[in-house]
Amino acid sequence: MNEVKKTSRGGRPSKRDFILAQAELLVRDRGASQLTFDALTEQTGISKGGLLYHFESKEALIVAMLERYIGQRQQRTANVLAAKPELNDMVDGYLLAMLEAEITEPQEMLAVDSAIVAAIASNPDLLEPVRQRNVELWAGLDQAQAGATQARIAWKAVVGHRLLKQFGLLIESDEQTDAFIAEVTAMVTPSAKTDTENSVFG
507 MNEVKKTSRG GRPSKRDFIL AQAELLVRDR GASQLTFDAL TEQTGISKGG
557 LLYHFESKEA LIVAMLERYI GQRQQRTANV LAAKPELNDM VDGYLLAMLE
607 AEITEPQEML AVDSAIVAAI ASNPDLLEPV RQRNVELWAG LDQAQAGATQ
657 ARIAWKAVVG HRLLKQFGLL IESDEQTDAF IAEVTAMVTP SAKTDTENSV
707 FG
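For the sequence shown, the working numbering begins at 507 and goes up steadily by one.
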């Protein structure tokens, strides 16, 4: 299978970023199946030729959306660290911020997740940027002071939580979500162990 180019053929980054942002909005509003160049032309006011100048194929557009998505996830972790500066002084503070950022992913971004999943189903090669990032992620988890096993279990738990929410299968109150965050945090922070006898999950 031919390698998908990950960059545009030139042009101003601001226009490229605008197209990617509008592609996200299109997916959120209309669903993953509606992510086409014709629909994107209608959404952006940019001709199909103009779109193809920045993204030579739908696959190239999806790869760019994936890379943008990875950057947004990293930014959410940075935002947690900025909001909770005490994490910067904690052992595994970055891991804790990463877990919280994953759990609290905005609802509107879940539609973008679904669009990416739909695209990858027909072309697994599009996952390459994520595979590369995951090599670094798992290596980082294995270096956690809490222990590789605890860190891996915690990460798998929050990713599963997000997927359940993404597919509309999560039935959980805000209180239970907060309790879940506390339990996952406790897994990688021994001093934060919670009282399981009084769990809101029963």
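Ideal Cβ positions, reconstructed from N, Cα and C, are used throughout, including at glycine.
For Gly599, the uninterrupted alpha helix (DSSP H) segment begins and ends at 599-609. Comparing alpha-carbon positions, the option among Gln549, Asn629, Ala529 lying closest to Ala570 turns out to be Ala529. Excluding sequence positions up to five before and after Leu531, its CB lies within less than 8 Å of the CB of Gln549, all in the same chain and listed in chain order. Within a 10 Å sphere around the beta-carbon of Arg637 sit fewer than 16 other beta-carbons, which makes this residue exposed. The DSSP assignment places no complete beta strand (DSSP E) segment of no fewer than 3 residues inside the region 638-695. Distance from the CA atom of Glu565 to the CA atom of Ser553, rounded to whole angstroms, is 18 Å.
Shown here, Pro612 sits in coil according to DSSP, grouped into three states, outside any helix or strand. Using a 10 angstroms sphere on the CB of Glu608, the tally of other CB atoms reaches 16 or more, which defines it as buried.
Of the other Cβ atoms in all chains shown, 16 or more fall within 10 Å of the Cβ of Ile525; this residue is therefore buried. Ala692 is not a Cβ neighbour of Leu605, given a cutoff of 7 Å. The DSSP-derived three-state label of Leu593 is helix.
For the pair Leu557 and Leu541, the CB atoms are not nearer than the 7 Å cut-off. Straight across, the Cα-Cα distance linking Val694 with Leu669 is about 21 Å. The residue from Asn585, Pro630, Gly577 with its alpha-carbon nearest to that of Asp523 is Gly577.
Contact check for Val690 against Ala617 fails: the beta carbons are separated by 7 Å or more. In the structure shown, Gly551 falls within a coil segment according to DSSP collapsed to helix, strand and coil.
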